[in-house]
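Chemist: My questions will all concern the structure given below.
Numbering (the working numbering), first residue to last: 1079 to 1262.
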């Protein structure tokens, strides 16, 4: 019999808490719970999930409370599910009950279905967000996200002889952002 691992994710630590997910996953038998804080619309930057997937051995089980904790679209859900099965382990989702071990076509159908539901939900969230932003702009309340890059500092470093790659590393920003700041 393999080991049972839990996977929990919250979108942000602003008003959300991993503790309730951890507790439920432990009740379901998870000996260790891996977790991430971040947007569910991408698998990029999910260090907890990456660590969990690397640790899996044949016979292990990954438990998640809901499909959207793993991914908010079909491609991500199936990618994670298949990576688990490649390790000869099993993905078990608690609610709704889905077991994906690669041997049952219905497991893949259910992951696909709930991935589609997640995609639809993500679409509606973005649409509501856009409507809210437009309403706030109309009232003069919304000014946009504050700049995360200081173009003056980018130009200063460039004038000191620092190249774009070095500036990007120094300021912990993307090199493309450096080029945009220099071109502005």
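Ideal Cβ positions, reconstructed from N, Cα and C, are used throughout, including at glycine.
1) Whole angstroms is fine: what's the gap from residue 1141's alpha carbon to residue 1218's?
2) Rounded to the nearest angstrom, what separates residue 1221 and residue 1123 at their Cα positions?
3) With respect to the alpha helix (DSSP H) encompassing residue 1104, which residues constitute its N-terminal and C-terminal limits?
4) Per DSSP, what kind of secondary structure is residue 1082 in: helix, strand or coil?
5) Tell me the DSSP secondary structure of residue 1143 in three-state form.
6) Looking at the strands, I want to know which residues DSSP matches up with residue 1170.
7) Taking the DSSP output, what are the residues bridged to residue 1111?
8) Given residue 1162, which residues of its chain have a CB within under 8 Å of its CB, disregarding the five upstream and five downstream residues?
9) Using the Cα positions of residue 1103 and residue 1174, report the straight-line distance between them to the nearest angstrom.
10) What's the call for residue 1213, buried or exposed, on a 16-neighbour Cβ count within 10 Å?
Modeler: Well, looking at it:
1) For the purposes of this step, residue 1141 is taken as residue 63 along the chain shown, with counting starting at 1. For the purposes of this step, residue 1218 is taken as residue 140 along the chain shown, with counting starting at 1. One C-alpha to the other measures close to 46 Å.
2) Position 143 of the chain shown, counted from the first residue, corresponds to residue 1221. Position 45 of the chain shown, counted from the first residue, corresponds to residue 1123. If you take the alpha carbons of residue 1221 and residue 1123, they lie about 28 Å apart.
3) Looking up residue 1104 in the chain shown gives position 26. That run of the alpha helix (DSSP H) goes 1097-1105.
4) As a first step, residue 1082 must be located in the chain shown, where it is residue number 4. Residue state, collapsed to three classes: strand.
5) Your numbering for residue 1143 matches position 65 in the chain shown. Of the three classes helix, strand and coil, the one that applies to residue 1143 here is coil, per DSSP.
6) Taking the first residue of the chain shown as position 1, residue 1170 is located at position 92. BP columns for residue 1170 point to 1141 and 1177.
7) Reading the chain shown from its first residue, position 33 is the one you call residue 1111. For residue 1111, which the question treats as bridged, DSSP gives the partners 1084.
8) Here residue 1162 refers to the residue found at position 84 when the chain shown is read from its first residue. Excluding positions up to five away in sequence, the list reads 1131, 1134, 1140, 1168, 1169 and 1178.
9) Walking along the chain shown from the start, residue 1103 turns up at place 25. Walking along the chain shown from the start, residue 1174 turns up at place 96. Their backbone Cα atoms lie some 14 Å apart in a straight line.
10) Stepping through the chain shown from its first residue, residue 1213 is reached at position 135. Exposed: under 16 other Cβ atoms inside 10 Å.
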